[in-house]
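Heads up: the structure comes next, in structure tokens.
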Amino acid sequence: MRLGPLLALGLSAGSAAPAAEFLGSYVWAPGFDGGGGYSAIWLGPDGAETLLLSDRGNWVRGVLARDTAGKVTGFEMLARGPLLRSTGDDLKRGERDAEAIAEVGGIFYVAYEGTHRVMRHIDIAAPPERFTQDDGFEALQHNSGLEALAADAGGRLYAIPERSGGLDVPFPVSRYDGASWTQPFSLRRDGRYLVSGADVGPDGRLYVLERDFALLGFRTRVRSFDLTGGDERLVLESGIGVHDNLEGLEVWEDVSGRIRITMISDDNLHPFIQRTEFVDYVVE
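Per mature numbering (1 follows the signal peptide of the UniProt record, and there is no 0): the sequence shown = residues -19 to -1, 1 to 265.
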């Protein structure tokens, strides 16, 4: 049974954080072989132009339709194709697990786990460019590596792994400043929640999507931080089974100046058990 969506209020340092109001969700059935497994989402400034990445190493471009309240009501796919190696060849098995995307000045950066790395794409359909990697990526856990990638207004990248290495161990944040990677701060880990996505919002805050799996389904949480890892705020938290396996996060500003949160779920290519779901909240 699906539970009804919740309105989430957060508290930070004794002051009330914004409330995230649920706007709605839309289930998309890709309808083509290999469709599904979408772990990353990027939106254009209007919240309509969309780029999705699959953890099977594929991309999809399309346009979201929204009603007057801003809820997603449809998705029109315009193009799709495989992510490539820097040589132009197809990705090999073990290299395809694309989990996150960020955009800086029209250039897309894609984070992978398995073979833990970040690649730079001038065109998502073209071979990527190699650039400097964080030496710490090699030590990340198997199937629990880079899960989140965000870019701030200055073009700096923030990469976060799914797991930290222990329940009491903070999540390390790797930052790329255009020349080198450092680990300037970490984020408090809270219980069983694991990182599944991130974005820097129009308010300059780092939003982190987290999920936990229980017997009856997934529960979802979004926290936000300043860009030093401080001023933690709980933005939203859902009950078990409210949403599916939400892994992709985009934080943007609509025409009314409201901060919007759009997420997408990874159905793990099990469409009869799970679903590809676009989920929208507004932060008041």
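A virtual CB, placed ideally from N, CA and C, is assigned to each residue, including glycine.
| Item | Value |
| --- | --- |
| Enclosing beta strand (DSSP E) for Q164 [first to last residue] | W162 to L168 |
| Sequence-distant residues of the same chain with beta carbon closer than 8 Å to Y174, five excluded per side | E191, R192, D193 and R202 |
| As assigned by DSSP and simplified to three states, the class of G62 | strand |
| Length at least 3, wholly inside the region 77 to 102: the beta strand (DSSP E) runs in chain order | 79 to 85, 88 to 93 and 98 to 102 |
| Backbone CA spacing between residue 284 and R74 [nearest angstrom] | Past the boundaries of the shown model lies residue 284; the chain is included only from -19 to 265, so the question cannot be answered. |
| Cβ neighbours of E213 in the same chain (closer than 7 Å, five flanking residues each side left out) | S(-8), R169, R204 and F206 |
| Contact set for H224: own chain, Cβ-Cβ below 6 Å, skip 5 residues either direction | T201 and V260 |
| L(-13) versus A(-1) - alpha carbon distance | Only weak support is given to the placement of L(-13): the predicted model assigns it a pLDDT of 39, under 50, and the value that follows is read from those uncertain coordinates. Using only the alpha carbons, I get a separation of about 7 Å. |
| Reduced DSSP category for D235 - H, G, I as helix; E, B as strand; rest coil | coil |
| Segment limits, beta strand (DSSP E) that includes T243 | I240 to S246 |
| Interface flag, D225 vs chain B, CB-CB below 9 Å | The structure shown contains no chain B, having only a single protein chain. |
| Proximity to residue 267 [Cα-Cα], best of E57, G146 and G182 | For residue 267 there is no data in the structure shown, the boundaries of the chain being -19 and 265. |
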